[in-house]
Structure formats: structure tokens, C-alpha cells
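Visitor: Our numbering numbers the first residue of the sequence shown as 3 and each following residue consecutively. Each residue gets a CB set at the ideal place from its N, CA and C atoms; glycine is no exception. Values in this document were obtained by computation on a predicted structure and should not be read as measured data. My questions will all concern the structure given below.
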Amino acid sequence: MALESSIFSRPTFIYSTKSSSFMFFNRNLKNQSKFLPKTNHYPTPVISTCSNPQAFKAFGIPKNGSFGHVGSLREENEGVGNDQKLVLVKRGILVAMVCGVLVFGCKRVFAVDGVANAGYGVIGQCILLLRNAWPKASMILKVFKEQGLVLTALLGLSAFFSMAETAITTLWPWKVRELADKDSEDGVFKMLSSDVTRFLTTILIGTTVVNIGATALVTDAATAIFGEAGVTAATGVMTVAILLLTEITPKSIAVHNPTEVARFVVRPVAWLSVILYPVGRVVTYLSMGMLKILGLKGKSEPYVTEDELKLMLRGAELSGAIEEEEQDMIENVLEIKDTHVREVMTPLVDVVAIDASSTLVEFHNLWLTHQYSRVPAFEQRIDNIVGIAYAMDLLDYVPKGELLESTTVGDMAHKPAYFVPDSMSVWNLLREFRIRKVHMAVVLNEYGGTVGIVTLEDVVEEIVGEIFDENDSKEEIQKKTGYIVMRAEGIFDVDANTSIDQLSEDLNIKMPEVYY
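Pasting the structure below:
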């Protein structure tokens with residue numbers, strides 16, 4: 003305001019200033035009308051020598067020179083300053099409240115003020131510990147820089163030997179022979195099939211040497227840095243490293259890819275076996291001597307046992323390579339060597355037979371009822387079977403009708419019966435059927451008494467399952483398959499012809515694996 007007063011008290015300054023400058027200043031004043039009202043009243047009169055009317059118009063000054071009082075503008079400025087102070091005070095109070103809440107919350111969280119001091123102490127201890135450990139850490143880095151390459155090479159060789167051992171032992175012997183037959187003369191599988199023991203001995207020696215070397219190297223370095231405590235540290239570190247890097251990981255790779263891994267490792271192991279051949283031969287002779295001392299003989303096992311073959315079939319069925327029925331048929335073929343004739347025969351009480359003194363008419367009527375192509379012929383008692391009557395032989399007597407009444411079954415059944423013991427295996431029975439070209443045999447017990455009959459169909463059914471003819475009645479089918487009827491909760495009626503396997507499958511129970 004003093005500046006304004008000085009300006010208006012100097013008419014020459016106002017007169018010499020361009021009108022455009024006053025108009026620009028007047029626009030700024032209009033935008034700030036809150037602080038400088040457009041119409042002001044100052045008691046100081048304007049000198050009459052200021053004759054420029056634009057100056058009066060720019061500042062909103064009346065031509066008569068009346069400006070009002072200067073005190074009104076001061077009061078307004080003081081009011082504005084008080085408002086600003088009030089805003090600052092309110093903001094300060096708000097900040098103080100927020101800080102108070104934060105301090106109260108921190109005290110509630112930490113419960114005591116000493117926790118903060120304790121935290122600073124822990125940080126200080128950590129810094130001090132790191133400072134003290136830095137020399138040892140630098141020593142470890144120096145040792146790793148000097149011996150790290152050697153340690154890495156030893157661990158890599160250990161992993162290589164582990165992969166080789168797992169790949170060779172995972173491959174079935176017959177698989178090795180199959181690959182060797184397809185391989186060239188100097189192929190890796192030819193080398194492997196020639197002497198597997200040589201390869202395994204080389205692998206075991208190499209694994210032992212590199213693991214001991216790696217452990218000794220780490221133990222020596224740890225002892226030099228940590229003293230006696232380094233032995234424990236080296237043991238823990240090497241245990242984890244050997245298990246993870248040289249045992250679990252490489253062996254898992256070899257188990258899932260035995261053929262590919264074997265192609266990769268067999269030739270290097272063969273080269274190494276030349277170097278380690280003297281040591282390997284000594285170890286082999288020592289092991290053979292220990293076996294002789296213990297009374298054991300290193301006899302060769304079959305390439306694949308029956309149990310291993312069943313496991314392979316089970317895996318093939320689970321993987322979808324073969325169907326469940328195919329698996330059952332192959333397993334049945336393997337089991338017929340252990341199955342006795344008494345287990346597959348038709349008991350004597352269920353045998354359909356004819357007296358040898360019966361006429362061919364009676365035999366024809368019997369055939370119309372049961373339609374069996376072969377019927378045992380007995381004399382006096384059913385357990386005294388003397389031959390087998392064939393239904394096809396009736397065709398020779400049909401044109402000669404008079405012979406049907408006069409000819410007996412004994413006259414027609416000129417082929418003798420074939421007798422087998424009930425303890426014979428089904429496998430041997432099948433072989434005898436093929437050799438003798440017969441389809442039926444009479445089964446005798448250990449005392450020579452007839453206990454039933456067995457046919458080629460019974461043997462085949464042990465492999466492929468039950469076989470039914472188009473003429474089989476419902477009762478005959480039920481006799482073959484057996485039946486299971488539920489009478490009450492947990493109570494069943496089971497036909498005696500029902501097999502244990504079928505009973506276990508139908509009732510979803512596991513029966514003990516014993517012979518009945």
C-alpha cells in the first residue's frame with residue numbers, strides 16, 4: 003500500500019507509464035479482488051497535476067480524488083492472517099492426534115518399551131557376528147576357488163557311476179540279450195551281455211573311490227577352517243550332497259530311462275574297467291572265496307521268474323498294454339502246472355454214463371436228452387468204467403435199423419478208456435491228450451477207485467474260462483458256473499461247484515491263499 007501511495011503521489015511516474023501496463027495490472031487486481039477490492043477509499047488526495055484520466059480508470063479511482071481510509075484494508079489483511087493461523091493450528095492438532103495413536107499402538111504391540119531396545123541389540127549382535135565371520139567366509143571362498151573344480155569332478159563321477167549301476171541292474175537280463183542281438187559286434191550291449199559282473203565291479207570300485215576322495219577333500223578343508231568342528235560340518239554337508247546329487251537324482255533318471263542311460267554309460271565303464279581290471283579281479287576272487295567259506299554257491303538264476311513275469315503282466319494290464327482277460331489267460335497258463343486233475347474233473351456223482359449192456363436205442367435216447375458226444379460205458383456199477391461210447395458211431399448203425407435193437411453199447415464202445423491219477427497236473431494231462439489223441443479220461447484216486455472224468459474241454463476252460471454249448475440247459479450252465487444266493491444280511495447260499503476265485507470276486511472279499 004505504501005508503494006501504491008508513493009506511485010499516486012508522483013504524477014510524473016503515472017504520466018510516463020504506459021496505459022497498457024496499468025490495464026494489465028488492473029486485470030490482476032480484478033482476479034485478486036478478495037485482497038484488493040476494486041473500490042478503495044483513501045484519505046490521501048491525488049495531486050491535481052495528474053491529468054491522465056486512464057490512470058484513474060485503471061485503478062478504479064474517482065476523478066474527484068476521494069480514496070476513503072487506509073485502515074479498512076489493514077483490518078481485512080489482519081483477518082486473513084488470523085484465518086491462516088487457525089488452519090495451521092487445526093492441522094497441528096490433527097498431526098499430534100495421529101502421532102499419539104501411533105505411539106499408543108506401538109506400545110500395545112510391543113507391550114514394553116524395552117523390546118525396541120532389545121531389537122536394536124539383536125541387530126547389533128548380528129552385525130558383530132557377520133563381522134567376525136567374514137574372515138572364515140573369505141577362507142571358505144578361497145578354498146572353494148582352489149578345490150571346487152576337483153570336488154565338482156568327483157561328485158560328477160559319483161553321479162555317473164550311480165546312473166550306470168541303476169541302469170544296468172534295472173534292465174532285465176533277457177532285455178539285455180535282446181538288445182545285444184540287435185546290436186553290432188562292438189555294440190555296448192554286446193559288451194554288457196558278455197560280462198555283467200565285470201561292469202558292476204568296476205562301477206562299485208569307482209563309486210567307492212570318488213566318494214571317499216570327495217569326503218576327504220571337504221573334511222580337510224573344513225578342519226583347516228573350523229578346527230575339530232569342521233569334521234561334523236563336513237559330514238553333514240557331504241551326506242546331503244551325496245544323497246541328493248549323486249544318489250537320488252541320477253538313480254531316478256536311470257530308473258525311468260534305463261536303455262538310454264545304458265547306451266550312454268556302458269562304453270566309458272568298459273574303458274575304465276581295463277584300468278581297474280587287476281583290482282576288479284582281486285575283488286571278485288575275494289568275494290567268491292567268502293561265498294565258499296559261507297557255503298554259498300553263485301548259481302545262476304533264471305532270467306525271469308514266474309513271479310516276475312506275473313508282475314510284468316500286472317504292470318502291462320495297469321498301463322493298458324493288454325486287457326484284463328488277456329492277463330487272466332496268461333496267468334492261467336502259468337498256473338496249470340500247479341493245478342491237479344482233481345480240481346478240474348467232473349465228480350462221479352455228476353457223470354452221465356450208460357450201462358454197457360444197454361441197447362443202441364437206449365443210447366440214442368440218452369443222447370437226445372443230454373446231447374453228449376462221448377459217454378462212459380460201465381458194467382454193473384458206474385465206478386467200473388470199461389470204455390467210451392461215441393455218439394458219432396451211431397451213424398454207422400442208423401441205416402441198419404434192426405441192429406439198433408440187437409446191438410449193445412458194449413459192442414459199439416470198442417475204444418478203451420484212458421485212466422489218469424487225480425494227482426496229475428493239468429499241464430501233463432494236456433500233453434497226454436495231445437499225444438494219445440483222446441478227449442476224455444477216467445480219473446482214479448490213490449486207491450484205484452473211479453472218482454470222476456475229465457475232458458479236453460475242462461482243460462481248455464482252465465485257460466480261457468467256462469465254455470458253453472448252444473445246447474447247454476440253464477441247469478447245466480448253473481452247475482458249471484455255480485450260483486450265489488443271498489438269504490439274509492451276511493448269509494449266502496453257494497453252490498459247491500463255485501470256485502474260490504469266483505466267490506472272492508462276486509462277494510468282494512479276499513480269501514486266504516491256501517489249498518482246499
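1. What residue from Met347, Asp352, Thr203 has the CA that sits closest to Asn462's CA?
2. Buried or exposed, going by whether 16 or more other CB atoms sit within 10 Å of the CB of Met414?
3. Which residues does DSSP pair with Asp357 in a beta bridge?
4. Less than 9 Å separating the beta-carbons of Ser321 and Thr203?
5. Under DSSP, the beta strand (DSSP E) around Pro401 begins and ends at which residues?
6. What number of angstroms, rounded off, separates the C-alpha of Val487 from the C-alpha of Met331?
7. Strictly by DSSP, which residues pair up with Gly451?
8. Assign Phe470 to buried or exposed, taking buried as 16 or more other Cβ atoms, counted over all protein chains shown, within 10 Å of its Cβ.
9. For the candidate residues Thr457, Val363, Arg438, whose alpha-carbon lies nearest to that of Val411?
10. Is DSSP giving Tyr279 helix, strand or coil here?
11. Hey, out of Glu337, Leu315, Lys339, Asp340, whose CA is closest to Glu328's CA?
12. Using a threshold of 9 Å, state whether the C-beta atoms of Thr237 and Thr221 are closer than that.
13. Could you check if Leu151 is buried or exposed, using at least 16 other CB atoms within 10 Å of its CB as the buried criterion?
14. Spell out the partners DSSP gives Phe470 in its beta bridges.
15. Which word fits Val456, buried or exposed, when buried means at least 16 other C-beta atoms lie within 10 angstroms of its C-beta?
16. Identify, in the order they occur along the chain, each residue of the same chain with its Cβ nearer than 7 Å to the Cβ of Asn213, setting aside the five sequence neighbours on each side.
17. Per DSSP, what kind of secondary structure is Tyr392 in: helix, strand or coil?
18. Mark Phe191 as exposed unless 16 or more other C-beta atoms lie within 10 angstroms of its C-beta, in which case mark it buried.
19. CA-CA distance, Ala498 and Leu505?
20. Would you check if there are 3 or more beta carbon pairs closer than 8 Å linking the segment 168-177 to the segment 261-272?
21. Please report how far the alpha carbon of Asp352 lies from the alpha carbon of Met394, in whole angstroms.
22. Output the boundary residues of the beta strand (DSSP E) element that contains Arg489.
23. Could you spell out where the alpha helix (DSSP H) holding Leu194 opens and where it closes?
24. What does a CB cutoff of less than 8 Å around Phe162 pick up in its chain, not counting 5 residues either side in sequence?
25. May I have the straight-line CA-CA distance separating Gly291 from Asn430, to the nearest angstrom?
26. Give me, in chain order, the residues of the same chain whose beta-carbon lies closer than 8 Å to that of Asp340; leave out the 5 immediate sequence neighbours on both sides.
27. Is any non-hydrogen atom of the ligand SAM found closer than 8 Å to the C-beta of Ile324, if you look at the structure I gave you?
28. Taking the straight line between their C-alpha atoms, what separation do you get for Thr307 and Val198?
Guide: Quick answer:
1. Numbered from its first residue, the sequence shown carries residue 462 at position 460. Rather than Asn, the amino acid found at residue 462 in this sequence is Val. When only C-alpha atoms are compared, the closest one is Met347.
2. Residue numbering aside, residue 414 sits at position 412 when the sequence shown is read from its first letter. By the 10 Å Cβ count, Met414 comes out buried.
3. Stepping through the sequence shown from its first residue, residue 357 is reached at position 355. In the DSSP output, where bridge partners are listed per residue, Asp357 has Phe380.
4. Your numbering for residue 321 matches position 319 in the sequence shown. Your numbering for residue 203 matches position 201 in the sequence shown. No, they are not a contact pair.
5. For the purposes of this step, residue 401 is identified with residue 399 of the sequence shown, where counting begins at 1. Segment: none, Pro401 is in no beta strand (DSSP E) and carries neither H nor E.
6. Within the sequence shown, the letter at position 485 stands for residue 487. Within the sequence shown, the letter at position 329 stands for residue 331. Taking the straight line from one Cα to the other gives about 28 Å.
7. Position 449 of the sequence shown, counted from the start, is the residue given in the question as residue 451. Partner(s): none; Gly451 has no beta bridge.
8. Stepping through the sequence shown from its first residue, residue 470 is reached at position 468. By the neighbour-count rule (16 or more Cβ atoms within 10 Å), Phe470 is not buried but exposed.
9. The residue labelled residue 411 in the question sits at position 409 within the sequence shown. Measuring from the Cα of Val411, the nearest candidate turns out to be Val363.
10. As a first step, residue 279 must be located in the sequence shown, where it is residue number 277. Correct three-state label for Tyr279: helix.
11. Within the sequence shown, residue 328 is the residue found at index 326, counting from 1. Nearest C-alpha to Glu328: Leu315.
12. By 1-based counting over the sequence shown, the position of residue 237 is 235. By 1-based counting over the sequence shown, the position of residue 221 is 219. At a Cβ-Cβ threshold of 9 Å, Thr237 and Thr221 count as neighbours.
13. Along the sequence shown, one-based indexing puts residue 151 at 149. Under this definition Leu151 is an exposed residue.
14. If you number the sequence shown from 1, residue 470 lands on position 468. According to DSSP, which records beta bridges pairwise, Phe470 is partnered with nothing at all.
15. Residue 456 sits at position 454 when you count from the first residue of the sequence shown. Val456 comes out buried.
16. As a working note, residue 213 is residue 211 in the sequence shown. Only Ser160, Ile244 meet the Cβ criterion.
17. Locating residue 392 in the sequence shown gives position 390, counting from the first residue. Strand.
18. Sequence index remark: in the sequence shown, residue 191 carries index 189 (1-based). That one is buried.
19. Looking up residue 498 in the sequence shown gives position 496. Looking up residue 505 in the sequence shown gives position 503. When the Cα atoms are used, Ala498 and Leu505 turn out to be separated by approximately 11 Å.
20. yes
21. Locating residue 352 in the sequence shown gives position 350, where the first residue counts as 1. Locating residue 394 in the sequence shown gives position 392, where the first residue counts as 1. So the alpha carbons of these two residues sit roughly 23 Å apart.
22. As a first step, residue 489 is located in the sequence shown; it is residue number 487 there, counting from the start. Element bounds for Arg489: 486-490.
23. Mapped onto the sequence shown, residue 194 falls at position 192. Residues 190-196.
24. As a working mapping, residue 162 is identified with position 160 in the sequence shown. Closer than 8 Å at the Cβ level, and outside the excluded window around Phe162, lie Pro252, Val267, Pro270.
25. One-based indexing of the sequence shown puts residue 291 at position 289. One-based indexing of the sequence shown puts residue 430 at position 428. Looking at the two C-alpha atoms, the distance is approximately 42 Å.
26. As a working mapping, residue 340 is identified with position 338 in the sequence shown. Answer for Asp340: Ser427, listed in chain order.
27. Of ligands this structure carries none, so the ligand SAM is not represented either.
28. Taking the sequence shown and counting its residues from 1, one reaches residue 307 at position 305. Taking the sequence shown and counting its residues from 1, one reaches residue 198 at position 196. Their backbone Cα atoms lie some 19 Å apart in a straight line.
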